[in-house]
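Undergrad: The sequence shown lines up with residues 0 to 419 when you count with numbering that gives the first Met the number 0.
Submitted below is the structure of interest, expressed as structure tokens.
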Amino acid sequence: MKKAKDILNPANLTRMVMALAILLTLIAIFLVVTRRAPVNAGRTRGGDECTSVVVVASGDTLSKLLLEQGLTHNDVDAIAKTLKKDAGISTLRADSDKIEFTRPTDSEPVSKIVVIPSPWKQVELTCDGTGAWNCKTVDIERDTRAVYRAGEILDGDSFYLAGQRAGVPAGILADVYDLLAFEMDFERDVRAGQKFWVVYEENFSGGQKIDNGRVLAVSFDALRGNVKMYRYRKADGTTGYYDADGNGAIKSLKRTPINNAKVTSSFSNKRKHPVLGYTRAHKGVDFRASTGTPIPAAGAGRVVARGYNRGHGNYIKLRHNGSYETLYAHLSKFVKNVKVGTNVRQGQTIGYVGSTGMSTGPHLHYEIIKDGKHVNPMTVKLPAISNLNKSEKKKFAEYREIMDNAIEELKKNQNLFIQL
Numbered sequence: 000m001k002k003a004k005d006i007l008n009p010a011n012l013t014r015m016v017m018a019l020a021i022l023l024t025l026i027a028i029f030l031v032v033t034r035r036a037p038v039n040a041g042r043t044r045g046g047d048e049c050t051s052v053v054v055v056a057s058g059d060t061l062s063k064l065l066l067e068q069g070l071t072h073n074d075v076d077a078i079a080k081t082l083k084k085d086a087g088i089s090t091l092r093a094d095s096d097k098i099e100f101t102r103p104t105d106s107e108p109v110s111k112i113v114v115i116p117s118p119w120k121q122v123e124l125t126c127d128g129t130g131a132w133n134c135k136t137v138d139i140e141r142d143t144r145a146v147y148r149a150g151e152i153l154d155g156d157s158f159y160l161a162g163q164r165a166g167v168p169a170g171i172l173a174d175v176y177d178l179l180a181f182e183m184d185f186e187r188d189v190r191a192g193q194k195f196w197v198v199y200e201e202n203f204s205g206g207q208k209i210d211n212g213r214v215l216a217v218s219f220d221a222l223r224g225n226v227k228m229y230r231y232r233k234a235d236g237t238t239g240y241y242d243a244d245g246n247g248a249i250k251s252l253k254r255t256p257i258n259n260a261k262v263t264s265s266f267s268n269k270r271k272h273p274v275l276g277y278t279r280a281h282k283g284v285d286f287r288a289s290t291g292t293p294i295p296a297a298g299a300g301r302v303v304a305r306g307y308n309r310g311h312g313n314y315i316k317l318r319h320n321g322s323y324e325t326l327y328a329h330l331s332k333f334v335k336n337v338k339v340g341t342n343v344r345q346g347q348t349i350g351y352v353g354s355t356g357m358s359t360g361p362h363l364h365y366e367i368i369k370d371g372k373h374v375n376p377m378t379v380k381l382p383a384i385s386n387l388n389k390s391e392k393k394k395f396a397e398y399r400e401i402m403d404n405a406i407e408e409l410k411k412n413q414n415l416f417i418q419l
């Protein structure tokens, strides 16, 4: 270690001061250059033109990012209004949206802004020199390919586990579950040895996979027979899912409002009540779920009752059309703005699982009432949201044959990609 008198030597002090000055200068340069760059910015140059790319971070707002690029408050207001009016963009998503800022040269103000809200869309804004900003939306070209995945239920499996083992992405599995739930009881219809397959879209841009698309077809060998569904676009441009005969697969009501919930008590005309101890009818189905689990509406409808009684505890009742009603009981709480008279869509959260009323633990008690009479949610024949007429069924049959041929090719080689 150096002695104090050596450190205090004038020559040593001069060298230390110079070294400290250089260090501080380097730190200052580092802070300026890396203020955004390490996490969310890039910079490219084409000729004299200079473009920087910013990935929206948590806490960023459009006005903040624009002002950081040297744009005036008048520009910020004009750009915000144009984006909202012409592109429907009013907020930015952190870690997802990107913005490109282009200047004619390093020393000139921003003349072009590109907002990229998705891999398939970008919104271009250009300044006309008078303070006005013009907006144009550009769709990015994509390649869409059909992918086939097949699996089998093993002992102790759930459909989700079997699907994951087959290589089906989680988001696609959730969509398939929603589709099959209109026709199947996953608690009772799934057994070891049953086979299934799924055909879905994968989207590519520039040779790289960007995301998964939609489910195109699905087949499941359920206990009560094969369930098969195809996605089909009708002549009027609307799309839907249909079974092999062209009947609508999407029903107006779901048999199981909560996905992957275990049935703890079935519909029965005679059941020993777990609290009262004597036998009486059980007019619905009980699904085990944790307290606070969101309860989706089984179908689109209107709230006709919401309240509390001794048996059901907190309950809510929906009317879906002239024939059908559904009831949800033992809720821990309601959704604040879902009141009597409120119209709800299929899948919209209307309350949360609880154990209020005559209940031995958290669960959802679910009832379907048809023409004033309680029916078994698991076996009742439910109406489809959309059906095909005679001429459409003929076109659908032709499409189904094409799809079946493509699926047979995919079965032979699961690594084969069929471009759509």
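Built from N, CA and C at the ideal position, the CB exists for glycine as well.
Values in this document were obtained by computation on a predicted structure and should not be read as measured data.
(1) How many whole angstroms separate the CB atoms of residue 231 and residue 406, which I take to be in contact at a CB cut-off of 8 Å?
(2) Where residue 322 and residue 346 are concerned, what is the direct C-alpha to C-alpha distance, given to the nearest angstrom?
(3) Using alpha carbons as the reference points, say which of 155, 151, 173 lies closest to residue 165.
(4) Does the beta-carbon of residue 366 have 16 or more other beta-carbons within 10 angstroms, so that it is buried, or is it exposed?
(5) From which residue to which residue does the beta strand (DSSP E) around residue 81 run?
(6) Could you have a look at residue 368 and say whether DSSP puts it in helix, strand or coil?
(7) According to DSSP, simplified to helix, strand and coil, what is residue 163?
(8) How would you call residue 324, buried or exposed, if buried means at least 16 neighbouring beta carbons within 10 angstroms?
(9) So, do the segment 293-308 and the segment 214-232 have three or more beta carbon pairs nearer to each other than 8 Å?
(10) Please classify residue 387: does DSSP put it in a helix, a strand, or coil?
(11) Inspect the CB distances between the segment 282-291 and the segment 312-321 and report whether three or more fall short of 8 Å.
(12) Which same chain residues, not among the five before or five after residue 368, have their C-beta less than 6 Å away from its C-beta?
(13) Using C-beta distances below 6 Å, list every residue in its chain close to residue 292, excluding the 5 sequence neighbours before and after it, in chain order.
(14) Can you list, in chain order, the stretches of the beta strand (DSSP E) that have 3 or more residues and sit fully within the segment 281-310?
(15) Compare the Cα-Cα distances from residue 305 to each of 282, 341, 409, 357 and report the closest residue.
(16) Just mark residue 254 as buried or exposed, buried being the case when its beta carbon has 16 or more other beta carbons within 10 Å.
(17) Work out the CA separation of residue 135 and residue 361 for me, nearest whole Å.
(18) Identify whether residue 109 lies in helix, strand or coil by the three-state DSSP scheme.
(19) Using a Cβ-Cβ cut-off of 8 Å (strictly less than) and excluding sequence neighbours within five positions of residue 203, which residues of its own chain qualify?
(20) Which value, in whole angstroms, describes the spacing of the CA atoms of residue 101 and residue 180?
(21) Among residues of its own chain, excluding the 5 on either side of residue 130, which ones have a beta-carbon nearer than 8 Å to its beta-carbon?
(22) Could you check whether the segment 376-394 touches the segment 248-266, counting it as contact only if at least three pairs of C-beta atoms, one from each stretch, sit closer than 8 Å?
(23) Pick helix, strand or coil for residue 220, following the three-state DSSP scheme.
TA: On the basis of the coordinates in this document:
(1) Rounded, the Cβ-Cβ distance is 14 Å, inconsistent with contact.
(2) 20 Å
(3) 151
(4) buried
(5) Premise fails: residue 81 lies in the alpha helix (DSSP H), 72-81, not in any beta strand (DSSP E).
(6) Three-state DSSP puts residue 368 in a strand.
(7) helix
(8) buried
(9) no
(10) coil
(11) No, the segment 282-291 does not touch the segment 312-321.
(12) 324
(13) 352
(14) 284-287, 293-295, 300-308
(15) 341
(16) buried
(17) Their Cα atoms are separated by approximately 52 Å.
(18) coil
(19) 141, 142, 143, 144, 209
(20) 50 Å
(21) 73, 74, 77
(22) yes
(23) strand
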